[in-house]
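A.B. asks: In UniProt numbering, the protein residues as written are 1 to 189. Quick reminder that beta carbons are idealized off the backbone N, C-alpha and C, glycines included. Just so you know, these numbers come straight off a predicted model, no measurement behind them.
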Amino acid sequence: MLSGRPTAASTGLLNWLNQGSSTTADNAVGFSLNVTTSNGLTGVFRSAPSTPYTITALIAATRSSTSYNGVGIGWYDGTNKLHVLSYATQNGGPPYFEVEKWNSPTSFSANDLTSANNGFSQPIWLRVADDGTNVSFAFSQDGVNFLTLFSTAKSSGFLGTSGYNNVIFPANPIASSRTIGTIMSWAQN
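1) The alpha helix (DSSP H) spanning ALA10 covers which residue range?
2) Which first and last residues belong to the beta strand (DSSP E) in which GLY143 is found?
3) Excluding the 5 residues flanking PRO52 on each side, which residues of the same chain have their C-beta closer than 8 Å to its C-beta?
4) Within this structure, are the beta carbons of ILE168 and GLN141 separated by less than 8 Å?
5) Given 8 Å as the limit, is there contact between the region 37 to 44 and the region 152 to 166, that is, 3 or more CB pairs closer than that?
6) Quick one: what's got a C-beta closer than 6 Å to ILE180's C-beta in the same chain, skipping five residues either side?
7) For SER22, count neighbouring C-beta atoms within 10 Å of its own C-beta (all shown protein chains included) and say buried if the count is 16 or more, exposed if not.
8) Which partner residues does GLN188 have in the DSSP bridge list?
9) Less than 8 Å between the CB atoms is what I'm expecting for ASN118 and THR89, so what's the real figure, rounded?
10) Pick helix, strand or coil for LYS101, following the three-state DSSP scheme.
11) Looking only at its own chain, which residues have a Cβ that is under 8 Å from the Cβ of LEU14, when we skip the five neighbours before and after it?
12) Hey, how far is the Cα of SER156 from the Cα of VAL29?
13) Rounded to a whole number of angstroms, what is the C-alpha to C-alpha distance between VAL84 and ALA138?
14) Among PRO170, SER109, THR114 and PRO94, which has the Cα closest to the Cα of GLN19?
15) Run through the region 91 to 137 for me and flag every whole alpha helix (DSSP H) of 4 or more residues, listed as ranges in chain order.
16) Can you tell which of ASN80, GLY93 and VAL99 has the C-alpha that lies nearest to the C-alpha of TYR106?
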């Protein structure tokens, strides 16, 4: 279910979090976030739509790293805390998923989930959903059949009932391992 070519304007991802020297660009395949170095997580965000909603993104990651790095989609509370689904690699290994909790862009807290290193191919479909009561993180290889990796009631979720108010497209290259995340399709339902 490909959308038209996403741009910063069409996704609404116009606000920076922990920008540093990072840049964004609209290009021939979509909207890219280029993070050359980072002290933690860097991202672009927008206000979340009214509930209920689902945001589905086809995401590719361009990276060369022997340490950790990840790109993904998730939520930012507008002050400090983040709850994100990251498509990650570590130590040059195959890609895997993490549902990450961050106290701030520079202070990782813990993971709600870490998948096996299954070598999930690129690009990959990621989905976040908020029905007003619960939030969920899911992925798909084909864009139609999604597997939910993690869901929680907002009231007991990491960001609290009112904290799931911004949608973010983050990248985390750890120190100097450049990472480019590209949104190749973006749909909001």
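C.D. replies: By the coordinates alone:
1) Mapped onto the sequence shown, residue 10 falls at position 10. A quick correction: the sequence has Ser, not Ala, at residue 10. That run of the alpha helix (DSSP H) goes 8 to 11.
2) If you number the sequence shown from 1, residue 143 lands on position 143. In the DSSP assignment, GLY143 falls outside any beta strand (DSSP E), carrying neither H nor E.
3) As a position in the sequence shown, residue 52 is number 52, starting the count at 1. Hits under 8 Å: ALA129, ASP130, ASP131 and GLY132.
4) Here residue 168 corresponds to residue number 168 of the sequence shown, with the count starting at 1. Here residue 141 corresponds to residue number 141 of the sequence shown, with the count starting at 1. The answer is no: Cβ separation not under 8 Å.
5) Result no; under three Cβ-Cβ pairs closer than 8 Å.
6) Sequence index remark: in the sequence shown, residue 180 carries index 180 (1-based). Within the same chain, ILE180 has close Cβ partners SER32, ASN34 and THR62.
7) As a working note, residue 22 is residue 22 in the sequence shown. It counts as buried.
8) Here residue 188 is taken as the residue at index 188 of the sequence shown, counted from 1. DSSP lists ILE55 as partners of GLN188.
9) For the purposes of this step, residue 118 is taken as residue 118 along the sequence shown, with counting starting at 1. For the purposes of this step, residue 89 is taken as residue 89 along the sequence shown, with counting starting at 1. Incorrect: roughly 12 Å between the Cβ atoms, too far for contact.
10) Here residue 101 refers to the residue found at position 101 of the sequence shown. Note: LYS101 maps to strand in three-state DSSP.
11) The residue you call residue 14 lines up with position 14 of the sequence shown. Counting only Cβ-Cβ distances below 8 Å, and skipping sequence neighbours, we find ALA8, VAL44 and ARG46.
12) As a working mapping, residue 156 is identified with position 156 in the sequence shown. As a working mapping, residue 29 is identified with position 29 in the sequence shown. Each residue's Cα considered, the two are about 38 Å apart.
13) In the sequence shown, the residue the question calls residue 84 occupies position 84. In the sequence shown, the residue the question calls residue 138 occupies position 138. Spanning the two alpha carbons is a distance of roughly 11 Å.
14) Here residue 19 refers to the residue found at position 19 when the sequence shown is read from its first residue. Comparing Cα positions, the closest option is PRO170.
15) Secondary structure within the region 91 to 137: not one fully enclosed alpha helix (DSSP H) run of 4 or more consecutive residues is present.
16) The residue labelled residue 106 in the question sits at position 106 within the sequence shown. In the sequence as presented, Tyr is not what sits at residue 106; that position holds Thr. Per the Cα distances, ASN80.
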